[in-house]
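Those sequence lines, one after another, are chains A and B. 1 is the number of the first residue of the first sequence in my numbering; add one for each residue after it. 146 is the number of the first residue of the second sequence in my numbering; add one for each residue after it. Note that beta-carbon positions come from the ideal geometry of N, C-alpha and C, so glycine has one too. Computed from a predicted structure; not experimentally measured.
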Amino acid sequence: MSKKTKLILFALMLIIVGGVITWMFVNQGNTDHADKKASATFALTEIMSKSESDTASLNKLKDQLISINGPIKNIKRENNDVTIELGDSNTLSSMICQMDQRHLAETNEMEAGQQIRIKGKFTGYTLDELGLGNTLEMNFCSIEK
Amino acid sequence: MKQIVLFCMMTLSMSLHAQKYMTKTGTVDFTSKAPLETIEGKNKAVGCLLDSKTGTIDFIVQIKSFVFDKKLMQEHFNENYMESDKFPKASFKGQITNLSAIQFSKDGEYKADVKGKLTIHGVTKDVSYSGKIIVRSGKLILASSFSVLLADYNIAIPGAVKDKVAKEVKINVQVSLDQMN
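The structure is reproduced here in structure tokens:
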């Protein structure tokens, strides 16, 4: 095999490997946070009180993986998606948790009133802008045992 | 006499409250269909408040709560297009313009025309959309589909990805509202 042929084969191999790596990078799914350690842990009442008096610390939590312990106010199962609302039935303020598609089965037996610990990526909050109470949000959630 | 006035005020207060319907778990999804790629994002944490007496209807959407299948899409959506750290929310504040055609106390499906102000990426536009309201056992289901031109909201598409991101995206809204207690 001539040196030129070897160079061409090597270049082709580089292009193929590069192409596969690029394809894998572009098409990789979202991170599954279930086995990752939360950067902060709160009781629901604790993090909800931050929305009333300490939004600066809530801002620091944005994009962080956090773990929340609280009661289910409502659980919505719709079109192969599950959204859990954590909160107290006496107040409008609550936390909305969009479950990660890979962890929907963990919610099969769950119902309103049940106390759970849930982990997810904190996406932000709204402060009673529509008269719906303060609302905190997480996505890519999984249930902690 | 005082008791009668108090009773009337309480009754009025209760009836006024019963005219409001809400959810915090509504759905907004969008599809961008471009020659080289279809991008779909979904947000199931949408807040909505509807007042059936006045016809006002408001939505609030946290941009970072949109979920995509691919990690890179999620990042590009937030960092390059929506700049969600700078503009964390989208909202719609509007009014049902054919309120008299909707019987909120009678089960059925009604066409609803809405006009108001849509704010995306820090830009507010006057808009009008049509949709439907389904009244079922005291609950409301609202559904609407419409298209949005990204350029109208100062969302720039870099030349390098012009075949991957559509100039106009289709938005679907579906919310199930409960009466406020």
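Own chain residues within Cβ distance below 6 Å of residue i, not counting five before or after
{"i": "S273(B)", "result": "K260"}
{"i": "I66(A)", "result": "A38, A40 and F122"}
{"i": "K165(B)", "result": "D196 and M325"}
{"i": "S229(B)", "result": "I208, K209 and N223"}
{"i": "I265(B)", "result": "A235 and Y298"}
Cβ of residue i within 8 Å of any chain B Cβ
{"i": "D88(A)", "result": "no"}
{"i": "L130(A)", "result": "yes"}
{"i": "K119(A)", "result": "no"}
Chain A contact for residue i (CB, 8 Å cutoff)
{"i": "I184(B)", "result": "no"}
{"i": "H162(B)", "result": "Low confidence applies here, because H162(B) scores a pLDDT of 46, under 50, leaving its location unreliable and the question unanswered by this model."}
{"i": "T170(B)", "result": "yes"}
{"i": "I278(B)", "result": "no"}
{"i": "S90(B)", "result": "Here chain B comprises residues numbered 146 to 326, so residue 90(B) is not present and cannot be evaluated."}
{"i": "K315(B)", "result": "no"}
{"i": "Q248(B)", "result": "no"}
Residues of its chain near residue i, where Cβ-Cβ distance is below 8 Å and the 5 sequence neighbours each way are ignored
{"i": "P233(B)", "result": "Q207, I208 and K209"}
{"i": "I75(A)", "result": "V82, T83, I84, E85, T107, M110, E111 and A112"}
{"i": "T55(A)", "result": "Y125 and L127"}
{"i": "T43(A)", "result": "It is worth fixing the name first, because residue 43(A) is Ala in this sequence and not Thr. Hits under 8 Å: I68, N69 and G70."}
{"i": "D214(B)", "result": "E185"}
Residues bridged to residue i (per DSSP)
{"i": "L195(B)", "result": "Y166(B) and I202(B)"}
{"i": "T135(A)", "result": "S94(A) and T126(A)"}
{"i": "Y274(B)", "result": "V259(B)"}
{"i": "D81(A)", "result": "E78(A)"}
{"i": "V293(B)", "result": "V314(B)"}
{"i": "P71(A)", "result": "Q115(A)"}
{"i": "E254(B)", "result": "I279(B)"}
{"i": "A288(B)", "result": "K277(B) and Q319(B)"}
When the options are compared against residue i, the one with the closest alpha-carbon
{"i": "A288(B)", "options": "A246(B), I302(B), T201(B) and V173(B)", "result": "V173(B)"}
{"i": "A105(A)", "options": "T126(A), R77(A) and G120(A)", "result": "R77(A)"}
{"i": "N139(A)", "options": "L295(B), D252(B), F211(B) and E228(B)", "result": "F211(B)"}
{"i": "M218(B)", "options": "Y298(B), T176(B) and G283(B)", "result": "T176(B)"}
{"i": "K62(A)", "options": "K231(B), K198(B) and L195(B)", "result": "K231(B)"}
{"i": "T183(B)", "options": "L322(B), K307(B), K189(B) and D258(B)", "result": "K307(B)"}
{"i": "Q319(B)", "options": "S275(B), F213(B), S245(B) and S250(B)", "result": "S275(B)"}
{"i": "G332(B)", "options": "K284(B), Q240(B), E313(B) and K238(B)", "result": "The first residue shown for chain B is 146 and the last is 326, placing residue 332(B) beyond what the model contains."}
{"i": "A257(B)", "options": "Q240(B), F213(B), S321(B) and I265(B)", "result": "Q240(B)"}
{"i": "I247(B)", "options": "A235(B), V191(B) and R281(B)", "result": "R281(B)"}
{"i": "C141(A)", "options": "L181(B), T168(B), L194(B) and A190(B)", "result": "A190(B)"}
{"i": "E129(A)", "options": "K165(B), F204(B), T170(B) and G171(B)", "result": "F204(B)"}
{"i": "K198(B)", "options": "L244(B), G267(B), K315(B) and F222(B)", "result": "L244(B)"}
{"i": "K277(B)", "options": "K262(B), D271(B) and S321(B)", "result": "S321(B)"}
{"i": "I279(B)", "options": "K262(B), H221(B), K251(B) and K216(B)", "result": "K251(B)"}
{"i": "S290(B)", "options": "T269(B), N317(B) and A305(B)", "result": "N317(B)"}
Integer-rounded CB distance, given that residue j should sit under 8 Å from residue i
{"i": "Y255(B)", "j": "I300(B)", "result": "Not a contact, Cβ separation roughly 33 Å."}
{"i": "T135(A)", "j": "S94(A)", "result": "6 Å"}
{"i": "A179(B)", "j": "V310(B)", "result": "6 Å"}
{"i": "L295(B)", "j": "I302(B)", "result": "7 Å"}
{"i": "T31(A)", "j": "K262(B)", "result": "Their Cβ separation, rounded to whole angstroms, is 36 Å, which puts T31(A) and K262(B) out of contact at 8 Å."}
Chain-order list of residues whose beta-carbon lies under 7 Å from that of residue i (same chain, five-residue window excluded)
{"i": "M159(B)", "result": "At M159(B) the pLDDT is 45, less than 50, meaning the model places this residue with poor confidence; the figure from the coordinates comes in the next sentence. None."}
{"i": "T170(B)", "result": "K189 and A190"}
{"i": "K36(A)", "result": "L65"}
{"i": "D323(B)", "result": "Y166, M167, T168 and K284"}
Closer than 8 Å to chain E by CB, residue i
{"i": "P180(B)", "result": "Reference to chain E is not applicable here, since the protein chains of this structure are A and B."}
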